[in-house]
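Enquirer: To convert, take the position in the sequence shown, counting from 1, and add 84; that gives our numbering.
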Amino acid sequence: MPLRFEISFRNPLHLALVLCVLAVSGGVVGSTSEPSIQWGECPDYPEFKDVAAECAFIPVPLKYSNPGRTIPIFVARVRGSAPETEKRGQLWFVTGGPGASAIGFARQSRSFAELRPEWDYYIFEQRGIGNSAPLYCATAADEAIVAPEDALDCLAELRRAWPEGIEDFTVTNTARDLAHIIDRLRPPGQEVVVYGVSYGTYLVQRYLALRGEQPDAVILDSIVAAGYEAYDTIERGTNAAARMVMDRCAKDADCRRRLAGIAADPWTALGVTFARLDQGQLCPELQARLDSPLTRSYLRSLFGTMIERTDLRGLMPAVVLRLNRCVPDDVMALEHLIRSLSSESLFSAADSEAPAADPGPGFVPYEQVKYSAPLSSHITLSDLWEGTSFAQIMNEAEGFYAWLNVAPSLALLADAQVWPVYRDPLSDLHANTRAPALMLNSDIDSNTPLAEAIPIREDLNGPNQRFVTVPDAGHVVILNSLMAGAKGDKPADHCGTRVMLSFLDDPYREPDTSCISGVERLSFDAANSRNRKSSLQYLGRKDMWSAK
């Protein structure tokens, strides 16, 4: 039988607030009077190709304080092959962003179902995204954050779709949706495990604050610790990760030697690179071949992208060398890198497959599914923004050599004071649960830095609640912690997945973390198989260092 836990509150006011919320919403919203859930075919999106998934729309109240009107929440499931009498329960995937679609977990669910067929795997699409009552505006379709100049037109589109406003698209209501749907779908006597990743960990913490007794276990991957991380400072994490990589280069005799002609240590060599750019002396031959000027902002973004990705981190010192050496072969290799990364869209289809023109009746077109810039902007500015101005962010960023350009974009929108942010009285709640918890984070993660993830231990520090650091992993540890020599095309090729499966098998036992010693480590060796593959793909050269 699943265990049940009492929820505790560190502040009596929090208890009063939650009791009030439960009172006005009728406690657990699910009831036998609700219509039965009809499972059917999933949309014809690339993520669902060759996946035996079922999909459904589950109604939830738009306003939990006045649950009259409902909105549809899209849920997909992949069922394990074990007989129902042998099923242990459900594993729920909650993705990040905010604003990102969860449908990418369809193929992961298929792989997990093969590895652990005694579980069923559920994909929860958050309100405001994709097929779950989407916040979509054509004016921001290609943006990660709504640009200030597009905000008024975008809000006009949203008002036409949502005349009552968008104030109910909140973290707290999304957490209530998750709890509501689990109540409806959970078979009697079966366990529920909730997995959250990146921003999804923040959402799951809110869920645990409201319904910490519901899940039997939780897994938090790449952690946004409630109360300890804001998006105002996200660029600091990226720059700090770049510093870590270049400091590792300094400890590698060959890497340090290759950059010694630029500066005595690699981090200083990176600074010299930017100084030459500012002086107009950085590889003018490359600049002449690019469609747009190579600016300080762009070069920061280039390095920020490389730091984010485990397959590109090892190439960063070589790119610094090529920018400064700038012989003809370097120019061609660097142009190849810039054009290759520019062609990779954040919103591209899975495995570059062309999506179907018609995804099926009742489903939104694929180009509207993958990401919602309006929801991302709305949630971030309302729940994860401390009010730092654009001028303050740019002043601090003057000393940065890598960034994601997220905080400046958000600050511009915040400074414009046109977006209708909400104020949630429950936003300061922290996770409260006695359920077993597995917390995973990399030591080099530009999105969720380890130093800002560790404070979650102040909230989840009970028996069977464990924090595991996976060295040299990337963001989303279960998918970016490749074992040395593995191809990476199977979940078990990643240490994070192995630790997660060990925890899933028995959350009350210490998870098996022995795979950590076999994780592919950051390398600056041109002969390293990962570096060789990435160099060939992104530099067009087998050797990332050498020039012909």
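The C-beta atom is built at its ideal place from N, Cα and C for all residues, glycine as well.
I'd like the span of the alpha helix (DSSP H) that includes aspartate 338, first residue to last.
Expert: For the purposes of this step, residue 338 is taken as the residue at position 254 of the sequence shown. Run containing aspartate 338: 337–343, per the alpha helix (DSSP H) assignment.
Enquirer: So, helix, strand or coil for serine 282, using DSSP?
Expert: Position 198 of the sequence shown holds residue 282. DSSP places serine 282 in strand when its eight states are reduced to three.
Enquirer: Among Asn612, Cys238, Gly546 and Arg295, whose alpha-carbon lies nearest the alpha-carbon of methionine 592?
Expert: The sequence position of residue 592 within the sequence shown is 508, counting from 1. Just to set this straight, residue 592 is tyrosine in the shown sequence, not methionine. Ranking the options by Cα distance to tyrosine 592, first place goes to Gly546.
Enquirer: Give the single residue among Glu125, Gly364, Glu392 and Pro443 whose Cα lies nearest to the Cα of leucine 407.
Expert: The residue given as residue 407 occupies position 323 in the sequence shown. Comparing Cα positions, the closest option is Gly364.
Enquirer: For glycine 398, which of helix, strand or coil comes out of DSSP?
Expert: As a first step, residue 398 is located in the sequence shown; it is residue number 314 there, counting from the start. Helix.
Enquirer: Could you say which of Leu488, Pro401 and Gln174 lies nearest to glutamine 298 if we only look at CA atoms?
Expert: Taking the first residue of the sequence shown as position 1, residue 298 is located at position 214. Of Leu488, Pro401 and Gln174, the residue nearest in Cα terms is Gln174.
Enquirer: Return the Cβ separation of glycine 624 and alanine 402 in integer angstroms, given the expectation that the two are a contact with Cβ distance under 8 Å.
Expert: Start at 1 with the first residue of the sequence shown, and residue 624 comes out as number 540. Start at 1 with the first residue of the sequence shown, and residue 402 comes out as number 318. Not a contact, Cβ separation roughly 13 Å.
Enquirer: Quick one: which unbroken alpha helix (DSSP H) runs of 4-plus residues sit fully inside the region 360–406? Chain order, please.
Expert: Correct list: 368–373 and 380–392.
Enquirer: Spatial neighbours of lysine 171 within its chain, please: C-beta separation below 8 Å, excluding the five flanking residues on both sides.
Expert: If you number the sequence shown from 1, residue 171 lands on position 87. Result list for lysine 171: Gly164, Glu202, Trp203, Asp204, Pro271 and Gln274, in chain order.
Enquirer: Classify glycine 296: buried if its beta carbon has 16 or more other beta carbons within 10 angstroms, exposed otherwise.
Expert: Taking the first residue of the sequence shown as position 1, residue 296 is located at position 212. Its Cβ being crowded by 16 or more others within 10 Å, glycine 296 is buried.
Enquirer: Who are glutamine 174's beta bridge partners in DSSP?
Expert: As a position in the sequence shown, residue 174 is number 90, starting the count at 1. According to DSSP, glutamine 174 bridges with Asp204 and Val276.
Enquirer: Count the other C-beta atoms from every protein chain shown that fall within 10 angstroms of the C-beta of alanine 235, then say buried if there are 16 or more, exposed otherwise.
Expert: As a first step, residue 235 must be located in the sequence shown, where it is residue number 151. When all chains shown are included, alanine 235 counts as buried.
Enquirer: At a cut of 8 Å, does the region 604–620 reach the region 316–326 through at least three beta carbon pairs?
Expert: Because the criterion of three Cβ pairs below 8 Å is not met, the region 604–620 and the region 316–326 do not touch.
Enquirer: Take threonine 254 and list the residues in its own chain whose beta-carbon comes closer than 8 Å to its own, dropping the five residues that flank it on each side.
Expert: Here residue 254 corresponds to residue number 170 of the sequence shown, with the count starting at 1. Here the set comprises Ile463, Ser466, Asp467, Tyr506 and Asp508.
Enquirer: In whole angstroms, give me the CA-to-CA distance for tyrosine 485 and leucine 354.
Expert: The count along the sequence shown starts at 1 and reaches residue 485 at position 401. The count along the sequence shown starts at 1 and reaches residue 354 at position 270. Approximately 7 Å, taken between the alpha carbons.
Enquirer: Out of Gly569, Val554 and Lys574, which has the shortest C-alpha to C-alpha gap to isoleucine 600?
Expert: Counting from 1 along the sequence shown, the entry for residue 600 is found at position 516. Residue Val554 is the option with its Cα nearest to isoleucine 600.
Enquirer: Count the other C-beta atoms from every protein chain shown that fall within 10 angstroms of the C-beta of asparagine 215, then say buried if there are 16 or more, exposed otherwise.
Expert: Your numbering for residue 215 matches position 131 in the sequence shown. It counts as buried.
Enquirer: Taking the continuous beta strand (DSSP E) assigned at asparagine 525, which residues delimit it?
Expert: Sequence index remark: in the sequence shown, residue 525 carries index 441 (1-based). Start and end: 521–526.
Enquirer: What does the alpha-carbon distance come out to for the pair glutamate 248 and lysine 147?
Expert: Looking up residue 248 in the sequence shown gives position 164. Looking up residue 147 in the sequence shown gives position 63. So the alpha carbons of these two residues sit roughly 11 Å apart.
Enquirer: Could you tell me whether the region 358–377 touches the region 386–405, where touching means 3 or more Cβ pairs closer than 8 Å?
Expert: Contact fails: fewer than three Cβ-Cβ distances are below 8 Å.
Enquirer: If you compare alpha carbons, which of Asp252, Tyr279, Ala240 and Ala568 is closest to arginine 153?
Expert: Here residue 153 refers to the residue found at position 69 of the sequence shown. The shortest Cα separation from arginine 153 among Asp252, Tyr279, Ala240 and Ala568 belongs to Asp252.
Enquirer: Taking 7 Å as the limit between beta carbons, can you name the residues of its chain near phenylalanine 474, skipping five residues before and five after?
Expert: Along the sequence shown, read from residue 1 onward, the residue named residue 474 stands at position 390. Closer than 7 Å at Cβ, skipping near neighbours: Pro492, Ala495, Leu496 and Asp499.
Enquirer: Kindly indicate which three-state DSSP category proline 145 falls into: helix, strand or coil?
Expert: Locating residue 145 in the sequence shown gives position 61, where the first residue counts as 1. Here proline 145 sits in strand by DSSP.
Enquirer: Just the Cα atoms here: how many angstroms apart are glutamate 369 and glutamate 419?
Expert: Position 285 of the sequence shown, counted from the start, is the residue given in the question as residue 369. Position 335 of the sequence shown, counted from the start, is the residue given in the question as residue 419. Glutamate 369 and glutamate 419: Cα-Cα distance of roughly 10 Å.
Enquirer: Under three-state DSSP, which class holds valine 552?
Expert: Indexing the sequence shown from 1 puts residue 552 at position 468. Three-state result, valine 552: strand.
Enquirer: According to DSSP, simplified to helix, strand and coil, what is leucine 566?
Expert: For this step, residue 566 is matched to residue 482 along the sequence shown. Three-state result, leucine 566: strand.
Enquirer: Would alanine 519 and aspartate 226 qualify as a contact pair, given that the criterion is a beta-carbon distance under 8 Å?
Expert: Reading the sequence shown from its first residue, position 435 is the one you call residue 519. Reading the sequence shown from its first residue, position 142 is the one you call residue 226. Not closer than 8 Å, so no.
Enquirer: Go to arginine 320, then tell me how far its alpha helix (DSSP H) extends in each direction, as first and last residue.
Expert: Numbered from its first residue, the sequence shown carries residue 320 at position 236. Start and end: 318–334.
Enquirer: Are isoleucine 266 and isoleucine 142 closer than 8 Å when you measure CB to CB?
Expert: As a first step, residue 266 is located in the sequence shown; it is residue number 182 there, counting from the start. As a first step, residue 142 is located in the sequence shown; it is residue number 58 there, counting from the start. No, these two residues do not count as a Cβ contact at 8 Å.
Enquirer: Can you give the beta carbon distance from serine 193 to valine 162, rounded, assuming they're within the 8 Å contact cut?
Expert: As a first step, residue 193 must be located in the sequence shown, where it is residue number 109. As a first step, residue 162 must be located in the sequence shown, where it is residue number 78. Yes, they are in contact, since the Cβ atoms of serine 193 and valine 162 sit about 4 Å apart, within 8 Å.
Enquirer: Around the C-beta of alanine 344, are 16 or more other C-beta atoms found within 10 angstroms, so that it is buried, or is it exposed?
Expert: The residue given as residue 344 occupies position 260 in the sequence shown. Exposed.
Enquirer: Look at the alpha carbon of cysteine 221 and the alpha carbon of leucine 510, and state the distance between them as a whole number of angstroms.
Expert: Walking along the sequence shown from the start, residue 221 turns up at place 137. Walking along the sequence shown from the start, residue 510 turns up at place 426. Going from the Cα of cysteine 221 to the Cα of leucine 510 covers about 28 Å.
Enquirer: Can you tell me the Cβ-Cβ gap for serine 598 and histidine 578, rounded? I've got them flagged as a contact below 8 Å.
Expert: Residue 598 sits at position 514 when you count from the first residue of the sequence shown. Residue 578 sits at position 494 when you count from the first residue of the sequence shown. The Cβ separation is near 14 Å, so there is no contact.
Enquirer: Using the rule of at least 16 other Cβ atoms within 10 Å of the residue's Cβ for burial, across every protein chain shown, is proline 445 buried or exposed?
Expert: Translated into the one-based positions of the sequence shown, residue 445 becomes position 361. Under this definition proline 445 is an exposed residue.
Enquirer: Taking alanine 535 as the reference, give the member of Ala263, Gly212 and Ser306 with the closest Cα.
Expert: The residue labelled residue 535 in the question sits at position 451 within the sequence shown. It is Ser306 whose Cα lies nearest to the Cα of alanine 535.
Enquirer: Beta-carbon within less than 6 Å of alanine 521's beta-carbon, same chain only, minus the 5 sequence neighbours each way: which residues are those?
Expert: Here residue 521 refers to the residue found at position 437 when the sequence shown is read from its first residue. Counting only Cβ-Cβ distances below 6 Å, and skipping sequence neighbours, we find Val302, Leu544 and Gln549.
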